[in-house]
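Novice: Heads up: the sequence shown runs through residues 6 to 374, numbered per the working numbering.
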Amino acid sequence: MKTKRKILLNPGPATTSFELKQSLVINDICPREDEFVDVINRLNLGLLKIVDAGPEEYVCVPFAGSGTLVMDVCINSLIPEGKQILILSNGSYSDRAVEICKYYQMDFIEIKSDHKKSYDFDLIDEHELNKVFAVYMTHHETGTGVLNDVYRLSKIAKKNGWVSIVDTISTYAMLPINLPKLGIDFIMTSSQKGIGAFAGLSFVIGKTAAIEKSKDYFKRSYYNNLYRQFNYFKETNQMHFTPPVQIAYASLRAVENIFIEGLSNKFKRHFELIQEIRINFKNLGFKEYIQEEFQSNILISIAYPDSSNWDFIKVHDYCYERGFTIYPGKNEKERYFRLSVFGDIHIKDIRQFFKTFRKAMDFYDIKIH
Ligand SMILES: *Cc1c(COP(=O)(O)O)cnc(C)c1O
């Protein structure tokens, strides 16, 4: 069976090659067999290597589910009862972290910063935070494309002795992260984002000693507890509950492909794709929604143009019917749309996209002054 090539410019799931789709077709195998154990082990080691984390000090713990699951896992597993988690928030993904805290009725403090700018650390008054045990931040607010300074976070966390947790789901394997140098305790990734595979597996990468420390913390979830999953894997070399076997094979293939392309080549490719998108929209007269200095350069938010004929849905549908998916902003009020470059996307795809986008503008007679 042949599939049509579609270019997903939405921020995940990633665009995948036909070759990667084919890696989903495998012989049936019980995940308790050594062959599968080896696949998971190689996948975990590959994922550690992408962020320069050595297996002596760090561990990668897989869970079956989308990215939000590992946000949930980190928040519900790493805070002892009666201790507080500090959420630094400047976008919709940190809002989601706050919601998770609320669902577990955890003690949390949120310090909000402007959604259209990188996090403003001057808002933190450390003297008022003596109950805080762990600090949580989103590296890249995928809802806008705003990037936060996680090195600054790491310094503050160390100074105060806080456990540090960062949602790196949209930056992992998209921007350079050297975890030992960064010094954050826990980060996250998900198979359909920077890894460029299919949705179904998500991973917590963190310090083994810090997970071991959480052994006797209050357990808020049976299925999604970090220590339980880690310990079961350590003792049996297997995931506790049935994993998505095919997704594991395809994720391993995607990770191997990353090393074949080379990490720095991959980062360069994504950066160049965004530059190409930026230049094309600029030439068409569009304006960016976020100031360039705050941007991640792996996603770009474009403000709706001041044109009476502009209709995002119509333009989206025109492009979608011709194989290109673009994505709305996080909320309709703010009037912007988003493009990102996860997975198997190349410069010729972007050039082809703009041919289609220009045709859509002509078709609907959209003029920008
Ligand atoms: C995609 C993403 C997630 C996870 O979203 P899911 O829909 O559960 O996969 C979490 N955080 C960030 C920053 C993301 O970009």
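Positions of the beta carbon are idealized from the N, C-alpha and C atoms, including for glycine.
1. Is any non-hydrogen atom of ligand 1 found closer than 7 angstroms to the C-beta of I174, if you look at the structure I gave you?
2. Give the single residue among T149, K117, H132, G148 whose Cα lies nearest to the Cα of Y141.
3. Going by the CB atoms, is the gap between I92 and F113 shorter than 8 angstroms?
4. What did DSSP end up calling M366 once you bin it into helix, strand or coil?
5. Check S256 in the structure and name its three-state DSSP category.
6. Within the continuous beta strand (DSSP E) that includes I116, where are the two ends?
7. Taking only heavy atoms of ligand 1 into account, decide whether any of them is closer than 7 angstroms to the Cβ of K198.
8. Could you tell me whether the stretch 161 to 175 touches the stretch 321 to 330, where touching means 3 or more Cβ pairs closer than 8 angstroms?
9. Only counting the same chain, and skipping five residues up and downstream in sequence, which positions put a Cβ closer than 7 angstroms to that of R283?
10. So, for S219: in the same chain, excluding its five sequence neighbours on each side, which residues have a beta-carbon less than 7 angstroms away from its beta-carbon?
11. Taking the straight line between their C-alpha atoms, what separation do you get for P60 and K186?
12. Pick out whichever of L158, D221, V320 has its Cα sitting closest to the Cα of I192.
13. Give the secondary structure of K353 by DSSP, where H, G and I count as helix, E and B as strand, and everything else as coil.
14. Relative to ligand 1, is the shortest distance from any of its heavy atoms to the C-beta of S123 smaller than 7 angstroms?
15. Does at least one heavy atom of ligand 1 sit under 7 angstroms from the Cβ of P249?
16. Below 8 angstroms between beta carbons: does that hold for A19 and F246?
17. Indicate, with yes or no, if ligand 1 has a heavy atom lying under 7 angstroms from the CB of H132.
18. Throw me the rounded Cβ distance for the S301 and G150 pair, which I believe falls under 8 angstroms.
19. What are the boundary residues of the alpha helix (DSSP H) that Y156 is part of?
20. Using the rule of at least 16 other Cβ atoms within 10 Å of the residue's Cβ for burial, across every protein chain shown, is P384 buried or exposed?
21. Going residue by residue through the stretch 26 to 77, where are the continuous alpha helix (DSSP H) segments of at least 4 residues, counting only ones entirely within it?
22. At a threshold of 7 angstroms, does P333 count as lining ligand 1 (C-beta to nearest heavy atom)?
23. As an exercise, report each continuous alpha helix (DSSP H) stretch of at least 4 residues that is fully enclosed by the stretch 233 to 289, in chain order.
24. Could you tell me how far apart the beta carbons of I279 and I303 are, in whole angstroms, since I believe they sit closer than 8 angstroms?
Specialist: Inspection of the coordinates gives the following:
1. For the purposes of this step, residue 174 is taken as residue 169 along the sequence shown, with counting starting at 1. I174: yes, Cβ under 7 angstroms from ligand 1.
2. Position 136 of the sequence shown, counted from the first residue, corresponds to residue 141. Minimum Cα distance to Y141 is reached at K117.
3. Locating residue 113 in the sequence shown gives position 108, counting from the first residue. Locating residue 92 in the sequence shown gives position 87, counting from the first residue. Yes, they are a contact pair.
4. Indexing the sequence shown from 1 puts residue 366 at position 361. Helix at M366.
5. Within the sequence shown, numbered from 1, the residue matching residue 256 stands at position 251. In the structure shown, the three-state DSSP call for S256 is helix.
6. Here the question's residue 116 lines up with position 111 in the sequence shown. It spans 112 to 117 - the beta strand (DSSP E) in which I116 sits, taken as one unbroken run.
7. Locating residue 198 in the sequence shown gives position 193, counting from the first residue. K198: yes, Cβ under 7 angstroms from ligand 1.
8. no
9. Walking along the sequence shown from the start, residue 283 turns up at place 278. Cβ neighbours of R283 beyond the five flanking positions: I305.
10. Sequence index remark: in the sequence shown, residue 219 carries index 214 (1-based). Close CB contacts of S219 within its chain, under the 7 angstroms cut and outside five residues either way in sequence, are with S82, L83, L231, Y232 (chain order).
11. The residue given as residue 60 occupies position 55 in the sequence shown. The residue given as residue 186 occupies position 181 in the sequence shown. Between P60 and K186, the C-alpha separation is close to 15 angstroms.
12. Translated into positions along the sequence shown, residue 192 becomes position 187. Residue L158 is the option with its Cα nearest to I192.
13. Here the question's residue 353 lines up with position 348 in the sequence shown. Reduced to three states, the DSSP call for K353 is helix.
14. On the sequence shown, residue 123 is found 118 positions in, with the first residue counted as 1. Checking the Cβ of S123 against ligand 1 gives no.
15. Numbered from its first residue, the sequence shown carries residue 249 at position 244. Checking the Cβ of P249 against ligand 1 gives no.
16. The residue you call residue 19 lines up with position 14 of the sequence shown. The residue you call residue 246 lines up with position 241 of the sequence shown. Not a contact, by the Cβ cut-off of 8 angstroms.
17. Walking along the sequence shown from the start, residue 132 turns up at place 127. Because no heavy atom of ligand 1 lies under 7 angstroms away, the Cβ of H132 does not count as near it: no.
18. Translated into the one-based positions of the sequence shown, residue 301 becomes position 296. Translated into the one-based positions of the sequence shown, residue 150 becomes position 145. With a Cβ gap of about 5 angstroms, S301 and G150 count as contacting.
19. Mapped onto the sequence shown, residue 156 falls at position 151. Per DSSP, Y156 belongs to the alpha helix (DSSP H) from 155 to 165.
20. Lying outside 6 to 374, the shown extent of the chain, residue 384 is not represented and no answer is given.
21. Listed in chain order, the alpha helix (DSSP H) elements of length 4 or more contained wholly in the stretch 26 to 77 are 39 to 55.
22. Taking the sequence shown and counting its residues from 1, one reaches residue 333 at position 328. Because no heavy atom of ligand 1 lies under 7 angstroms away, the Cβ of P333 does not count as near it: no.
23. 250 to 266, 268 to 289
24. In the sequence shown, counting from the first residue as 1, residue 279 sits at position 274. In the sequence shown, counting from the first residue as 1, residue 303 sits at position 298. Confirmed, about 6 angstroms.
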